[in-house]
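First residue of the sequence shown? That's 974 in this note's numbering, and the numbers climb one at a time after it.
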Amino acid sequence: MNLLKSLLIDKKDLKELDFGMLLSAMAILVFGVFNIYTATSGYYAKLQLTWLLLSLGVVYIILLMDYRKVYKIVDVLYWIVVLMLIFVLFTTKVKGAAGWFSIGARGLQPAEFAKLTTMLMVGKQLHKVDGNINNLKNFIVVTIYALIPVVLMLLQPEMGITMITFFIVLGIYFVMGLSMKVIFAGFGFIGLSILVVLKTNFLPSHWSDRLTSFLFNEGSELGINYQLSRSVISIGSGKLTGKFSFPRFLEDMTSGSQTSTQFFNRVPENHTDFIFSVLAENFGLIGGVTLLLLYGYLLYRMIRVARKTEEDDIFGKCIAVGVFSSFLFSILQNIGMTMGIMPISGITLPLVSYGGSSVLTTFIAIAMVLNVGMKKKTTLF
974 MNLLKSLLID KKDLKELDFG MLLSAMAILV FGVFNIYTAT SGYYAKLQLT WLLLSLGVVY
1034 IILLMDYRKV YKIVDVLYWI VVLMLIFVLF TTKVKGAAGW FSIGARGLQP AEFAKLTTML
1094 MVGKQLHKVD GNINNLKNFI VVTIYALIPV VLMLLQPEMG ITMITFFIVL GIYFVMGLSM
1154 KVIFAGFGFI GLSILVVLKT NFLPSHWSDR LTSFLFNEGS ELGINYQLSR SVISIGSGKL
1214 TGKFSFPRFL EDMTSGSQTS TQFFNRVPEN HTDFIFSVLA ENFGLIGGVT LLLLYGYLLY
1274 RMIRVARKTE EDDIFGKCIA VGVFSSFLFS ILQNIGMTMG IMPISGITLP LVSYGGSSVL
1334 TTFIAIAMVL NVGMKKKTTL F
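Right, dumping it as structure tokens:
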């Protein structure tokens, strides 16, 4: 009986569970799975659903715990992921980057987990100093912990998740009240660093082309500009209501035809980085706005949790703000790059793009915010 009770979420906690956040996240992912299916004829969609089922199991396990007990093992989790980031540098490079461990036919990307452990470590360090980020010693210590995984990701090089991690930390610093002079100085340093990197041979040529393709009408022999142009055409062709036809979709399914994917297959990375171009062609402006509304509701629920967290629970507040920042930047960056108004960075669209590690870590992040919301009325620290 005690074992069974330990496997069930407490009724008091269940009443505090933000079902709106969880259901909106699942709705976004199902919407994404459908568009992945139309772009790939089913193979990756089935894998995505498998990752969804696994992720929901992990979400349930996280909801059984108290996030503040994780506080005690943050250091262990952080250094394990740091070691993984070091070891992955010695793996075989794919497309000029060494960022994956091969597990059978699949892959595991430590950087996806690094953005979470970095957020937790920054939150823990700030909690230890009562959120006093404007103290020079505190700022240096917290920033060093943030920089270690960032530098290791840059060495791969993994630009997309590095950018997300930067904005996670930036969001936390902003909410904790870091001086705006320091924040603007940080942006200046980042801008200068980008210029230095682009002027050197630190990045492979195709990465430099990705970062500058939205500013200059040029691309490398790898077809960066072609990728962007096909994406913009695909988005525009969807017009108001999109080109998706349910009767035709059923006909394709029953006949085994792939006519509904012929154009999408001409958009490189159509089921991962450029899934929004598929969605916009399928469902037009209405589909794109619907997705943004779902994202808006999800983000609103996250920031609502952050606002309701007790003032002395710096750790919990950092989790909610960090996940919010990650989602907000990823959404704006991914959709922007498919339209040609942001650099092509390899950042996936949360819960919509295909990706096992991405789906799992995204749901882990959502589960942590849900846990913060469930436990906000209890005390443990």
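Where a beta carbon is used, it is the ideal one built from N, C-alpha and C, also for glycine.
Count the other CB atoms within 10 Å of the CB of MET1057; is the residue buried (16 or more) or exposed (fewer)?
-> buried
Are there 16 or more other CB atoms within 10 angstroms of the CB of PHE1060, so buried, or fewer, so exposed?
-> exposed
Express the C-alpha separation of ILE1141 and MET1153 in angstroms, rounding to a whole number.
-> 16 Å
How big is the Cα-Cα spacing for SER1233 and LEU1252?
-> With a pLDDT of 47 at SER1233, under the threshold of 50, the modelled position of that residue is not reliable, and no figure is offered here.
Which residues in the same chain as LYS1088 place their Cβ atom closer than 7 Å to its Cβ, once the five residues preceding and following it in sequence are excluded?
-> ILE1134, ILE1137, THR1138, ILE1141, SER1299
According to DSSP, is LEU1258 helix, strand or coil?
-> helix
Taking ILE1287 as part of the alpha helix (DSSP H), name the residues at either end of that continuous run.
-> 1287-1312
Count the other C-beta atoms from every protein chain shown that fall within 10 angstroms of the C-beta of THR1334, then say buried if there are 16 or more, exposed otherwise.
-> buried
Three-state secondary structure (DSSP) at GLU989?
-> helix
Hey, how far is the Cα of PHE1157 from the Cα of ILE1106?
-> 15 Å
What number of angstroms, rounded off, separates the C-alpha of LEU1213 from the C-alpha of VAL1205?
-> 15 Å
Secondary structure at GLN1129, three-state DSSP: helix, strand or coil?
-> coil
Outcome for MET1347 when other beta-carbon atoms lying within 10 angstroms are tallied against a minimum of 16 | buried
Leaving out the 5 sequence neighbours to the left and right, which residues in its chain are closer than 7 Å to GLY1104 when beta-carbon positions are compared?
-> MET1149, ILE1287
Just tell me which of LEU1027, VAL1006, LEU1036, LEU1020 has its CA closest to the CA of GLU989.
-> LEU1036
Rounded C-alpha distance that separates GLY1196 from ARG1203 | With a pLDDT of only 49 at GLY1196, under the threshold of 50, the placement of this residue in the model should not be trusted, and no figure is reported.
Output yes or no for whether 7 Å exceeds the beta carbon distance between LYS1090 and VAL1054.
-> According to the sequence displayed, residue 1090 carries Thr and not Lys. It is a contact, given that the beta carbons lie within the stated cut-off.
Return the chain-ordered list of same chain residues with a C-beta closer than 7 Å to the C-beta of PHE1112, the five sequence neighbours on each side being excluded.
-> ILE1106
Could you name the residues of the same chain whose beta carbon sits closer than 6 Å to that of VAL1032, not counting the 5 residues immediately before and after it, in chain order?
-> PHE1336, ALA1340
What span of residues does the alpha helix (DSSP H) with VAL1032 cover, start to end?
-> 1016-1037
Comparing alpha-carbon positions, which option in PHE1302, GLY1313, LEU1258 lies nearest TYR1199?
-> GLY1313
Hey, does LYS1097 have any beta-carbon neighbour from chain B nearer than 7 Å?
-> The structure shown contains no chain B; it holds only a single protein chain.
Work out the CA separation of ARG1041 and ILE1034 for me, nearest whole Å.
-> 15 Å
Helix, strand or coil at SER1326 according to DSSP, with G and I counted as helix | coil
With a cut-off of 8 Å on the beta carbons, I'd call VAL1342 and TRP1024 a contact; round off their distance for me.
-> Rounded, the Cβ-Cβ distance is 19 Å, inconsistent with contact.
How far does the alpha helix (DSSP H) with TYR1040 in it reach, from first residue to last?
-> 1040-1043
Evaluate contact between the stretch 1265-1282 and the stretch 1005-1016, counting only Cβ atoms and requiring at least three cross-stretch pairs below 8 Å.
-> no
In chain order, what residues of the same chain have a beta carbon less than 6 Å from the beta carbon of VAL1240, not counting five sequence neighbours either side?
-> ARG1203, SER1204, SER1207, PHE1247, SER1250
Chain-order list of residues whose beta-carbon lies under 8 Å from that of VAL1123 (same chain, five-residue window excluded) | THR1091, THR1135, THR1138, PHE1139
Under 7 Å between the Cβ atoms of ILE1009 and TYR1327?
-> yes
For the alpha helix (DSSP H) holding MET1315, just list the boundary residues, first then last.
-> First-last for MET1315: undefined, no H or E at that position.
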